[in-house]
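Novice: Numbering-wise (our numbering), the sequence shown opens with residue 49 and increments by one. No residue lacks a Cβ here, since even glycine has one placed at the ideal position from N, Cα and C. Mind looking over this structure? Questions follow.
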Amino acid sequence: MKSYPPELKANVVKEHVEKGVSCSQLSKTYNIPTRNIYKWIKKFRDSGENYSCFFNGSFNKNYIVSRGSKVPPVVYENAGVDLDEISRLCMEYPDLAQTLQALKDLVIEKDMEIRVLREQVEFVKKNLNQRK
């Protein structure tokens with residue numbers, strides 16, 4: 049069974065949830081079976097819509113170098129990523145991948161905080177309007 053990097057899973061689910069891209073379109077774009085995408089969406093929703101559910105805590109800093117061929121080329125093209133440059137940087141700065149993962153985790157955490165705060169603001173607005 050083919051496995052996909054957690055960043056790809058989170059990106060695919062994000063496109064579906066936030067941009068409304070259909071699962072069949074995502075399947076064609078990323079060359080991923082739709083059943084996988086449905087499983088990822090279910091996992092995301094079961095986790096309380098937390099993108100960190102795709103990250104199991106272990107991060108292989110050489111993943112993108114050693115297993116980059118598993119990531120569909122469209123991901124790299126869309127991001128304007130040069131794989132040779134990434135390989136060079138991973139070799140030159142081995143702890144950079146860990147720092148990047150820590151920053152990604154922080155962004156995910158802050159994103160969740162923002163989401164909760166927005167929900168609280170909506171709740172307060174709704175209750176204020178009902179009292180008038």
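1) List the endpoints of the continuous alpha helix (DSSP H) containing D130.
2) Quick check on the burial criterion: 16 or more other C-beta atoms within 10 angstroms. Buried or exposed for Y86?
3) Leaving out five residues before and five after P54 in sequence, what residues of the same chain have Cβ atoms less than 6 Å from its Cβ?
4) Quick one: what does DSSP say S70 is sitting in, helix, strand or coil?
5) Helix, strand or coil for D143, going by three-state DSSP, please let me know.
6) Any chance the segment 76–90 sits against the segment 59–66, with 3 or more Cβ pairs inside 8 Å?
7) Excluding five sequence neighbours on each side, which residues of the same chain lie with their C-beta closer than 7 Å to the C-beta of I156?
8) If you count every other CB in all the chains shown that lies within 10 Å of the CB of A145, and 16 or more means buried, which is it?
Specialist: Short version:
1) Here D130 belongs to no alpha helix (DSSP H), and DSSP marks it neither H nor E.
2) exposed
3) F102, F103
4) coil
5) coil
6) yes
7) Y99, S100
8) buried
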